[in-house]
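Student: Sequence order for the protein chains is A and B. Numbering-wise (the working numbering), the first sequence opens with residue 1 and increments by one. Numbering-wise (the working numbering), the second sequence opens with residue 267 and increments by one. Note that CB positions come from ideal geometry on N, CA and C, so glycine has one too. From a predicted model like this one, the values you see are computed outputs, not experimental measurements. Before we start, here is the structure in question, set down as structure tokens.
Protein chains: 2
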Amino acid sequence: MVADSDMSDSQSARALAPRRHGEILRRLAADGTVSITELAVHFDVSRQTIRRDLKQLADRGQLELVHGGATLFEPTEAAFTERRGENAAAKASIGRAAAALVRDGMVVFLDSGTTTLAVAHALADRKDLTICTTSLSIALQMCRQPQVRVHMLGGEIDPAEEAAVGIDALEAISHFRVDVAFLGGGGLSPDGDVTDFTRNGAEQRSRMVATAGKAYFVLDSSKFGRLTPLRIPRFELAAGVIVDRRPQEAICEALKRKGPAVIVAE
Amino acid sequence: MVADSDMSDSQSARALAPRRHGEILRRLAADGTVSITELAVHFDVSRQTIRRDLKQLADRGQLELVHGGATLFEPTEAAFTERRGENAAAKASIGRAAAALVRDGMVVFLDSGTTTLAVAHALADRKDLTICTTSLSIALQMCRQPQVRVHMLGGEIDPAEEAAVGIDALEAISHFRVDVAFLGGGGLSPDGDVTDFTRNGAEQRSRMVATAGKAYFVLDSSKFGRLTPLRIPRFELAAGVIVDRRPQEAICEALKRKGPAVIVAE
DNA sequence: CCATTTATGTTGCATAATGTAACTATTATT
DNA sequence: AATAATAGTTACATTATGCAACATAAATGG
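Given below as structure tokens:
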């Protein structure tokens, strides 16, 4: 005789409400916004259910409802999402490609910048990572992830980058042993150099290239051929350059000669 | 008919209660949630049994029951985001009182916490300030202000505070000469001590009290009489305690004896 | 052997969560 | 401004879960 009234209800484990809540908040922390329709599809529940979830979270003050979804009500993240608009798809794909190079348990350095931020997003549901960063936004977002340790490299904050620069940050870098570093850059010059806007930035990235087990530059295609004043010293020690589409042939060849691999996302 | 007492039936199926408990807790630690239906299937026992298991574990304080399963109860989870809402008016008035003590050109240290965040808000339109802070949110906010320099004290990020703690932050403090520091605290004990939750926090604040030209503790009235485990050493060197209403007479007198002034906002 | 305890299964009903549908409001498009 | 498309609301149906009471079966102890 089979027992069926209470036992094995033929039902494939609908997610628990707290599970949904957890993931909703994680997505929110990562992206700044969530959409009801997307979430409903993702969890395979009705939109009404998601609405009820969001209502609860909103009542607890964890998010703010907006038409079609919810946002963080932190002014901090808002500005962020705005800036991110350009090339968002390209950056997201670079982020995924970069995240594929990271295994659980690693120590990861994330530079400041919107492209490295995309890497942080792509690492959102990883477990057991240690993140080192100079970026305030990245630190704030990643520290909300469970099972992720975050080290903020301190120093004077550059308002344009919203990240620490200067001597303190430079020095702090040397304290860490990082497995893999993802660095931004101002441009990818026609002769295959990654260049930067400021002396401090270039020096900081240079040190990280030299220190990290593997260093990758993440650069979206808007940077191709762009010239900024400072070459990043020792750039050729980097393991690779992650881009959203293949750069001009001349650049590729120059890179090949120097050493770093060209990794085209997606 | 069958010998079954020794018959190791299909691996995890039909485990003893303590075995189930062990695995339940392991799963909980890994995923943050467990579902009754899933566990019942996994152990091949009835849902009622799992419910009884969870009830026991909940009675022992090892998890928190929710509809359909259980979660680990996270005191930190929403702590920061929730706390922000509480006592907002009181904190704002404390913020204004604190800001009144700051003159343009000063070097100001802002501790982590929601009350110090209110101080940051109150300083929003000041010119020519230098802000030092361990708080990610404060750094992010203040660096968007024109004519404000921000120094972020780096270190490991405590997710509950969303601020740097630990040895790096401690050390970084000593590099600065600050005119005025605004510090948070866990509680204001009946005998007029400001106390803290963690050793690191207490030490960090203690150093700041000793280092800063003037140090003020900002405490909303919910902290009055509250006991937290660690006294902040050298607290009596602080210039004052800024509160939103006058504390109990005993506390006021104890404070007077020790030295710090009591400043009631508004 | 029986009585007792302990763990588990079963059942029925109360409660809570989710789904559905009809209708209204908002946003986007022309 | 009119329209279509998308999202929000409300009310109610459906399903899943919680709970308590009782049933069953093995273990325990005399």
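Taking the alpha-carbon positions, what's the Gly450 of chain B to Gln470 of chain B distance?
Tutor: Rounded to the nearest angstrom, the two C-alpha atoms are 11 Å apart.
Student: For Asp462 of chain B, which residues does DSSP report across the bridge?
Tutor: B:Leu496
Student: Suppose you measure from the CA of Leu170 of chain A to the CA of Pro233 of chain A; what does that come to, to the nearest Å?
Tutor: 14 Å
Student: May I ask you to verify whether the region 380 to 399 of chain B touches the region 356 to 369 of chain B, counting CB pairs closer than 8 Å and requiring at least 3?
Tutor: yes
Student: Measuring alpha carbon to alpha carbon, tell me which residue in B:Arg512, B:Ala283 and B:Val385 is nearest Ala447 of chain B.
Tutor: B:Val385
Student: Cβ closer than 7 Å: which chain B residues qualify as neighbours of Ala120 of chain A?
Tutor: In chain order: nothing, as chain B lies at least about 13 Å away.
Student: Of the residues that make up the region 319 to 335 of chain B, which ones have a beta carbon closer than 7 Å to any beta carbon in chain A?
Tutor: Val332, His333, Gly334 and Gly335
Student: What is the DSSP secondary structure of Met152 of chain A, counted as helix, strand or coil?
Tutor: Residue state, collapsed to three classes: strand.
Student: For Glu437 of chain B, name the three-state secondary structure that DSSP assigns.
Tutor: helix
Student: Kindly say whether His42 of chain A, judged by its beta-carbon, lies nearer than 8 Å to any beta-carbon of chain B.
Tutor: His42 of chain A does not count as touching chain B.
Student: State the Cα-Cα distance for the pair Glu519 of chain B and Ala356 of chain B, rounded to the nearest angstrom.
Tutor: 23 Å
Student: What's the gap between the Cα of Gly458 of chain B and the Cα of Val431 of chain B?
Tutor: The C-alpha of Gly458 of chain B lies about 25 Å from the C-alpha of Val431 of chain B.
Student: With a threshold of 8 Å between beta-carbons, can Gly467 of chain B be considered close to chain A, or not?
Tutor: For Gly467 of chain B, the answer is no, since every Cβ of chain A falls outside 8 Å of its Cβ.
Student: Report yes or no: is there a C-beta of chain A within less than 8 Å of the C-beta of Glu422 of chain B?
Tutor: yes
Student: Measure the alpha-carbon distance for Thr195 of chain A versus Gly187 of chain A and round it to whole angstroms.
Tutor: 5 Å
Student: Could you compute how far the alpha carbon of Pro190 of chain A sits from the alpha carbon of Ile173 of chain A?
Tutor: Rounded to the nearest angstrom, the two C-alpha atoms are 29 Å apart.
Student: Could you tell me whether the region 127 to 136 of chain A touches the region 232 to 247 of chain A, where touching means 3 or more Cβ pairs closer than 8 Å?
Tutor: no
Student: Around the C-beta of Pro284 of chain B, are 16 or more other C-beta atoms found within 10 angstroms, so that it is buried, or is it exposed?
Tutor: exposed
Student: What does Ser137 of chain A reach in chain B if we use C-beta pairs closer than 9 Å?
Tutor: The answer, in chain order, is Leu402 and Leu406.
Student: Could you confirm whether any beta carbon from chain A is found closer than 8 Å to the beta carbon of Thr337 of chain B?
Tutor: It does; some Cβ of chain A falls within 8 Å.
Student: Below 8 Å on the Cβ atoms is my contact criterion, and I expect Phe176 of chain A with Val102 of chain A to pass it. Report the Cβ-Cβ distance as a whole number of Å.
Tutor: Not confirmed; about 16 Å, so no contact.
Student: Just to make sure I have the definition right: I need the residues of chain B whose C-beta is within less than 7 Å of the C-beta of Leu16 of chain A. Which are they?
Tutor: When 7 Å is used as the limit between beta carbons, Leu16 of chain A is near these residues of chain B: Thr299, Ser301, Val332, Gly334 and Gly335, in chain order.
Student: Tell me, which residues are paired with Ala429 of chain B by DSSP?
Tutor: B:Ser401 and B:Asp424
Student: Run through DSSP, which three-state label would Phe490 of chain B get?
Tutor: Correct three-state label for Phe490 of chain B: strand.
Student: Could you check what DSSP says for Leu219 of chain A in three-state terms: helix, strand or coil?
Tutor: strand
Student: Excluding five sequence neighbours on each side, which residues of the same chain lie with their C-beta closer than 6 Å to the C-beta of Ala15 of chain A?
Tutor: Phe43
Student: When the Cα of Val484 of chain B is compared with those of B:Lys522, B:Thr315 and B:Asp377, which residue comes out closest?
Tutor: B:Asp377
Student: Which class does Gly22 of chain A belong to by DSSP, given the choice of helix, strand or coil?
Tutor: helix
Student: Are the C-beta of Met418 of chain B and some C-beta of chain A separated by less than 8 Å?
Tutor: Answer yes: the Cβ-Cβ gap between Met418 of chain B and chain A drops below 8 Å somewhere.
Student: Which residues in chain B have a C-beta closer than 8 Å to the C-beta of Ala172 of chain A? List them in chain order.
Tutor: Gly420 and Asp434
Student: Assuming contact is defined by CB atoms lying nearer than 8 Å, are Leu255 of chain A and Val262 of chain A in contact in what I supplied?
Tutor: yes
Student: In terms of residues, what are the limits of the beta strand (DSSP E) holding Phe448 of chain B?
Tutor: Val446 to Leu449
Student: Measure the alpha-carbon distance for Asp59 of chain A versus Ile94 of chain A and round it to whole angstroms.
Tutor: 36 Å
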